[in-house]
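Protein chains: 2
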Amino acid sequence: MSMLEKMGSYAFVAEPFHVDFTGRLTMGVLGNQLLNAAGFHSTERGFGIAKLNEEDYTWVLSRLAIELEEMPFQYEPYKIDTWVENVYRLFTDRNFAIEGKDGQILGYARSVWAMISTETRKPADLMALHNGEIADYVYDRPCPIEKPSRIKVRSQEAVATYKVKYSDIDINGHLNSVRYIEHILDLFPLELFKEKRVQRFEIAYMAESYFDEQLSFFVDKEADSDNYDVEVRKESGESVCRSRVIFTELKIEN
Amino acid sequence: MSMLEKMGSYAFVAEPFHVDFTGRLTMGVLGNQLLNAAGFHSTERGFGIAKLNEEDYTWVLSRLAIELEEMPFQYEPYKIDTWVENVYRLFTDRNFAIEGKDGQILGYARSVWAMISTETRKPADLMALHNGEIADYVYDRPCPIEKPSRIKVRSQEAVATYKVKYSDIDINGHLNSVRYIEHILDLFPLELFKEKRVQRFEIAYMAESYFDEQLSFFVDKEADSDNYDVEVRKESGESVCRSRVIFTELKIEN
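So the sequence lines, in the order shown, correspond to chains A and B. 838 is the number of the first residue of the first sequence in my numbering; add one for each residue after it. 838 is the number of the first residue of the second sequence in my numbering; add one for each residue after it.
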């Protein structure tokens, strides 16, 4: 297998309803396209969700970390490269590079996936699938951003609540991974998005949430910075997901 | 100009995060792709928003009506044809046909657009633009669904309220046209989407709403049917948009 085949490369455009008030692609849409790129690439190699479903397995996204210098502007084309960095018995690391309209690197992303049995919902051994063939797809390209971190939120005072709605849920009846990104970014004041931009967005998915469930959002702010740790909890206190959002000063345009 | 050039045709796929819990494409995403198709087609002909902006004009979507036999299923390709049916002095009618994976017609849509001056926000004369060239693009293809209707909502008791969030607003700082579709469909119980499907969705955009504005949703239900008229109002009582949602029994699969 050539190195090129081990990397998938997919082209997108920043559509008008996919940019925020600053005209830049939203983090939610970028997250969606990263997951699409992962889906295209694994499908082309026989490890796509549709194929796995036939064998009663499915992919579950565990963590996602995105770090960017810049977001594509409305109508601009961008490209996502994706490759598998590591395969462990119960997890695989898939990385991404995001390229702008002139081929410049806008940023990188890292994701961690588990495979579970659709019958038992228990983790499955990746090496047992297709005779461990998945390990052949490992590709050695640098991904110069930090790995997803351990996030711990101490706050016990919810800053917002949200009831899961029809438009949030996917074919499995779960609040979809992209909506979490949107709901988390909706916690921040518009002024912050005017003055700064999200440099790094991390999310760890812990449990599924369902239609009509009431979710509460807890936030710890790091002193003297615009770094935030966010936790989404059910009424029972169970953690649904945890996120770290790091804002940075806007680049001065040349 | 050949007839073919007067019609644009664009291919899409029902992505996993763009389908609802039944596995069917959401009305919001279909609405988004109709508007993308309109954007691609008008841009190819020199009437796109980017070009108009240079001349201090922009397109404003006034009405949209979508009527369908069926929605594409997850991962299925679909195609949107679009053409201009009529050009009046202050409005133009743009129609759409939605084709499924086997080329079958899934449904149609109608839209009404005005052009406004970005300086005065007042309607502009379409015939005065590019020497009335826009009228050359009128294409005669049947669009066998009813035109958008006049919607009037009598209810004075809000069924829901919503505060406009960061992820709702577009580059103009307005709650975007697609989000209205989502927020309106979120008013209905999940049981309705389990037992029925949206056969026709209509929306008329009356006024813009902005970040942090509080919106209230009013609904009239037609007796002995699952036809609903919805109005979104500001705290002042001003009408932001009106919508008609017609549910029908699910087709029995063969």
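C-beta atoms are modelled at their ideal positions from N, C-alpha and C, and glycine is treated no differently. Note that this is a predicted model, so its numbers are computed, not measured.
By Cβ distance below 8 angstroms, which residues in the same chain neighbour G1010 of chain A in space, the five residues on each side in sequence not counted?
Within the first sequence, residue 1010 of chain A is the residue found at index 173, counting from 1. Correct list, in chain order: Y1047, F1048.
Given a cut-off of 7 angstroms on the beta-carbon distance, is the pair K1002 of chain B and D1023 of chain A in contact?
Stepping through the second sequence from its first residue, residue 1002 of chain B is reached at position 165. Stepping through the first sequence from its first residue, residue 1023 of chain A is reached at position 186. Using a Cβ distance threshold of 7 angstroms, K1002 of chain B and D1023 of chain A count as a contacting pair.
Just to confirm, is the Cβ distance from F854 of chain A to Q870 of chain A under 7 angstroms?
Position 17 of the first sequence, counting from 1, holds the residue named residue 854 of chain A. Position 33 of the first sequence, counting from 1, holds the residue named residue 870 of chain A. No, they are not a contact pair.
Proximity winner among B:D930, B:E970, B:S1076, B:A1044, relative to T919 of chain B (alpha-carbon distances)
Here residue 919 of chain B corresponds to residue number 82 of the second sequence, with the count starting at 1. Selected option, being the one with the closest Cα: B:D930.
Going by other Cβ atoms of all chains shown within 10 Å of its Cβ, with 16 needed for buried, is R978 of chain A buried or exposed?
Taking the first sequence and counting its residues from 1, the one referred to as residue 978 of chain A is at position 141. Result: exposed.
Unbroken alpha helix (DSSP H) run spanning Q993 of chain A, endpoints:
For the purposes of this step, residue 993 of chain A is taken as residue 156 along the first sequence, with counting starting at 1. First-last for Q993 of chain A: undefined, no H or E at that position.
Kindly provide the ranges of any beta strand (DSSP E) runs that are 3 or more residues long and lie completely inside the stretch 904-980 of chain B, ordered along the chain.
Positions of the beta strand (DSSP E) runs, each at least 3 residues long and wholly inside the stretch 904-980 of chain B, are given as 914-924, 929-936, 942-954 in order along the chain.
is_contact[E852 of chain B, chain A] using C-beta, thresh 7 angstroms
Within the second sequence, the letter at position 15 stands for residue 852 of chain B. Yes, E852 of chain B counts as interfacial toward chain A.
Terminal residues of the beta strand (DSSP E) in which E1045 of chain A lies:
In the first sequence, the residue the question calls residue 1045 of chain A occupies position 208. That residue, E1045 of chain A, is in no beta strand (DSSP E); it is neither H nor E in DSSP.
Within 10 Å of its beta-carbon, does G883 of chain A have 16 or more other beta-carbons around it, so buried, or fewer, so exposed?
The residue given as residue 883 of chain A occupies position 46 in the first sequence. With fewer than 16 other beta carbons inside 10 angstroms of its own, G883 of chain A counts as exposed.
Rounded to the nearest angstrom, what separates L898 of chain B and I1040 of chain A at their Cα positions?
Mapped onto the second sequence, residue 898 of chain B falls at position 61. Mapped onto the first sequence, residue 1040 of chain A falls at position 203. Rounded to whole angstroms, L898 of chain B to I1040 of chain A spans 36 angstroms at the Cα level.
Amino acids of chain B, ordered along the chain, whose beta-carbon sits closer than 9 angstroms to that of K938 of chain A
As a first step, residue 938 of chain A is located in the first sequence; it is residue number 101 there, counting from the start. Correct list: empty, because the minimum Cβ distance to chain B is about 14 angstroms.
If I'm right that G944 of chain A touches E904 of chain A with Cβ under 8 angstroms, what's the distance once you round it to whole angstroms?
The residue labelled residue 944 of chain A in the question sits at position 107 within the first sequence. The residue labelled residue 904 of chain A in the question sits at position 67 within the first sequence. With a beta-carbon spacing of about 5 angstroms, G944 of chain A and E904 of chain A fall inside the 8 angstroms limit used to define contacts.
Close Cβ partners of M844 of chain B (< 6 angstroms) along its chain, the five nearest in sequence each way excluded:
The residue labelled residue 844 of chain B in the question sits at position 7 within the second sequence. Excluding positions up to five away in sequence, the list reads D918, W920, Y976.
Helix, strand or coil: which one does DSSP assign to N1064 of chain A?
Counted from its first residue, the first sequence places residue 1064 of chain A at position 227. In this structure, N1064 of chain A counts as strand in the three-state DSSP scheme.
Give the DSSP-derived three-state secondary structure of E1019 of chain A in the structure shown.
In the first sequence, the residue the question calls residue 1019 of chain A occupies position 182. It is helical.
On the three-state DSSP scale, how would you describe F884 of chain B?
Counted from its first residue, the second sequence places residue 884 of chain B at position 47. DSSP, read as helix, strand or coil, puts F884 of chain B in coil.
Buried or exposed: L1109 of chain A, going by 16 or more other Cβ atoms within 10 Å of its Cβ?
Nothing can be reported for residue 1109 of chain A, as the shown portion of chain A is limited to 838 through 1091.
Where D857 of chain A and D1007 of chain B are concerned, what is the direct C-alpha to C-alpha distance, given to the nearest angstrom?
Counting from one through the first sequence, the residue named residue 857 of chain A turns up at place 20. Counting from one through the second sequence, the residue named residue 1007 of chain B turns up at place 170. Cα to Cα, D857 of chain A sits roughly 5 angstroms from D1007 of chain B.
Chain A partners of I953 of chain B, CB-CB under 9 angstroms?
Working through the second sequence from its first residue, we reach residue 953 of chain B at position 116. Residues of chain A passing the Cβ test: none, with the nearest at roughly 16 angstroms.
Leaving out five residues before and five after H878 of chain A in sequence, what residues of the same chain have Cβ atoms less than 6 angstroms from its Cβ?
Taking the first sequence and counting its residues from 1, the one referred to as residue 878 of chain A is at position 41. For H878 of chain A, where only same-chain residues beyond five positions count, the Cβ hits under 6 angstroms are G845, T919.
Opposing strand residues paired with K1002 of chain A [DSSP bridges]
Mapped onto the first sequence, residue 1002 of chain A falls at position 165. Residue pairing by DSSP leaves K1002 of chain A without any beta bridge partner.
Thinking just about the alpha-carbon of each residue, which of A:F1025, A:L901, A:Y915, A:S948 is nearest to the one in E936 of chain A?
Numbered from 1 along the first sequence, position 99 holds the residue referred to as residue 936 of chain A. Closest by alpha carbon: A:Y915.
Looking only at DSSP bridge pairs, what is S1080 of chain B linked to?
By one-based count along the second sequence, residue 1080 of chain B stands at place 243. BP columns for S1080 of chain B point to B:I1040, B:V1067.
DSSP three-state assignment for A848 of chain B, whether helix, strand or coil:
The sequence position of residue 848 of chain B within the second sequence is 11, counting from 1. The answer is strand: DSSP assigns A848 of chain B an E or B state.
With DSSP as the reference, label E891 of chain A as helix, strand or coil.
Against the first sequence, residue 891 of chain A aligns to sequence position 54. DSSP places E891 of chain A in helix when its eight states are reduced to three.
Sort B:C980, B:F910, B:D893, B:A965 by Cα distance to E956 of chain B and report the nearest one.
Start at 1 with the first residue of the second sequence, and residue 956 of chain B comes out as number 119. Nearest option by C-alpha distance: B:D893.
Within 7 angstroms of chain B by C-beta, residues of the stretch 895-923 of chain A in sequence order
Taking 7 angstroms as the cut-off between beta carbons, the residues of the stretch 895-923 of chain A near chain B are Q911, Y912, in sequence order.
Buried or exposed for A1099 of chain A, please, with buried defined as at least 16 other CB atoms from any protein chain shown within 10 angstroms of its CB.
Shown here, chain A extends from 838 to 1091; a query on residue 1099 of chain A therefore has no answer.
Which bits of chain A does F1048 of chain B rub up against, with CB to CB less than 8 angstroms?
Locating residue 1048 of chain B in the second sequence gives position 211, counting from the first residue. F858, L1027, listed in chain order.
Measure the CB-CB distance between M908 of chain B and L862 of chain B and report whether it falls below 7 angstroms.
Here residue 908 of chain B refers to the residue found at position 71 of the second sequence. Here residue 862 of chain B refers to the residue found at position 25 of the second sequence. Yes, the pair counts as a contact, with Cβ atoms nearer than the cut-off.
Quick one: which chain B residues come within Cβ less than 8 angstroms of T863 of chain A?
For this step, residue 863 of chain A is matched to residue 26 along the first sequence. Contacts between T863 of chain A and chain B, judged by CB atoms closer than 8 angstroms, involve S1004 in chain order.
Alpha carbons only, please: which of A:V1056, A:I1083, A:K1088 is nearest the one belonging to S1076 of chain A?
Position 239 of the first sequence holds residue 1076 of chain A. Of the candidates A:V1056, A:I1083, A:K1088, A:V1056 places its Cα closest to the Cα of S1076 of chain A.
Could you work out which residues of chain B lie near N869 of chain A, taking near to mean beta carbons separated by less than 7 angstroms?
For the purposes of this step, residue 869 of chain A is identified with residue 32 of the first sequence, where counting begins at 1. Listed by position along chain B, the residues whose Cβ is nearer than 7 angstroms to that of N869 of chain A are F854.
Does F858 of chain A come out as helix, strand or coil in the three-state DSSP assignment?
Mapped onto the first sequence, residue 858 of chain A falls at position 21. Of the three classes helix, strand and coil, the one that applies to F858 of chain A here is coil, per DSSP.
Partner residues on chain B for F1030 of chain A, Cβ-Cβ distance less than 9 angstroms:
Here residue 1030 of chain A refers to the residue found at position 193 when the first sequence is read from its first residue. Identification of chain B residues near F1030 of chain A by a Cβ-Cβ cut-off of 9 angstroms yields Y1003, ordered along the chain.
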